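In terms of my numbering, the sequence shown is residues 67 to 105.
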Amino acid sequence: RTVYAMIDLLDLIAAGTASTMSIFDSLRQLTKIRGLIPA
67 RTVYAMIDLL DLIAAGTAST MSIFDSLRQL TKIRGLIPA
C-alpha cells in the first residue's frame, strides 16, 4: 500500500513539473517574441 502511495506521489510530482515546465516554456517564448530577454 505504501508503494502505491509513493507511485501516486511520483505521478503527481511528475504532472506538476510537466505543467510548470510548459508554463515556463510559454513564458520563454513570450519573452523571445517581445525581445526583452535575449535567448
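By construction, the Cβ of each residue, glycine as well, lies at the ideal position given by its N, Cα and C atoms. In this text, all values refer to a predicted model and were calculated from it rather than measured experimentally.
Per-residue DSSP class, three states only, for residue i
{"i": "ARG100", "result": "helix"}
{"i": "ARG94", "result": "helix"}
C-alpha distance - residue i paired with residue j, whole-angstrom precision
{"i": "MET87", "j": "ARG67", "result": "30 Å"}
{"i": "GLN95", "j": "ILE89", "result": "10 Å"}
{"i": "LEU76", "j": "LYS98", "result": "32 Å"}
{"i": "VAL69", "j": "GLY101", "result": "47 Å"}
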